[in-house]
Amino acid sequence: MKFSVIRSASPYNIILGRSGLRELRAIPSTLHAMMKFPTPRGIATLVTRAAIVLECRKREEEQLLPEDEDELTDRTTPLDKEKGVPPTEEVWIHPAHRDQPVTIGT
1 MKFSVIRSAS PYNIILGRSG LRELRAIPST LHAMMKFPTP RGIATLVTRA AIVLECRKRE
61 EEQLLPEDED ELTDRTTPLD KEKGVPPTEE VWIHPAHRDQ PVTIGT
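In UniProt numbering, the protein residues as written are 1 to 106.
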């Protein structure tokens, strides 16, 4: 498996795509925050510690600037409200990339 090492502040230790998971023959479980994969000595299990997950979430919330929260865009139109369509909003995953919003909703 080929991989790249990127020095960056991130809550993730590794990001594996589908091809990487397939090559490792790994079975990930987001719900259980764990991954299992075969090794020559048997099945290996990687488990995320809840304290680390909570610490990462806390740091993400601290990095969210107050003005960023005000800039969430409500894209609901009067027609959407009449039809009962849930509203959508745009959020920015990273403040340095304002040109790449993610739309949340239907």
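Ideal Cβ positions, reconstructed from N, Cα and C, are used throughout, including at glycine.
These figures come from a predicted structure and were not determined experimentally.
Nearest-angstrom Cβ-Cβ length linking I43 and M35, presumed shorter than 8 angstroms: Counted from its first residue, the sequence shown places residue 43 at position 43. Counted from its first residue, the sequence shown places residue 35 at position 35. I43 to M35, Cβ: 11 angstroms. No contact.
Inside the region 16-56 only - beta strand (DSSP E) runs reaching at least 3 residues: The qualifying runs are 27-29, 34-39, 42-47.
Residue range of the beta strand (DSSP E) that includes I104: In the sequence shown, the residue the question calls residue 104 occupies position 104. It spans 101-104 - the beta strand (DSSP E) in which I104 sits, taken as one unbroken run.
Length of the line joining the Cα atoms of S29 and R22: Taking the sequence shown and counting its residues from 1, one reaches residue 29 at position 29. Taking the sequence shown and counting its residues from 1, one reaches residue 22 at position 22. Each residue's Cα considered, the two are about 14 angstroms apart.
Rounded separation between E89 and L31 - CA only: As a first step, residue 89 must be located in the sequence shown, where it is residue number 89. As a first step, residue 31 must be located in the sequence shown, where it is residue number 31. The straight-line gap from Cα to Cα measures roughly 26 angstroms.
Separation of V102 from I93, as counted between CA atoms: If you number the sequence shown from 1, residue 93 lands on position 93. If you number the sequence shown from 1, residue 102 lands on position 102. Distance between the alpha carbons of I93 and V102: 7 angstroms.
Short Cβ contact (8 angstroms threshold) for M1 with G20: By one-based count along the sequence shown, residue 1 stands at place 1. By one-based count along the sequence shown, residue 20 stands at place 20. Contact flag set, yes.
Distance between beta carbons of F37 and R25, contact taken as under 8 angstroms: Translated into the one-based positions of the sequence shown, residue 25 becomes position 25. Translated into the one-based positions of the sequence shown, residue 37 becomes position 37. The Cβ separation is near 6 angstroms, so the contact holds.
Option in R59, I104, T39, D99 with minimal Cα separation from A9: Stepping through the sequence shown from its first residue, residue 9 is reached at position 9. Ranking the options by Cα distance to A9, first place goes to R59.
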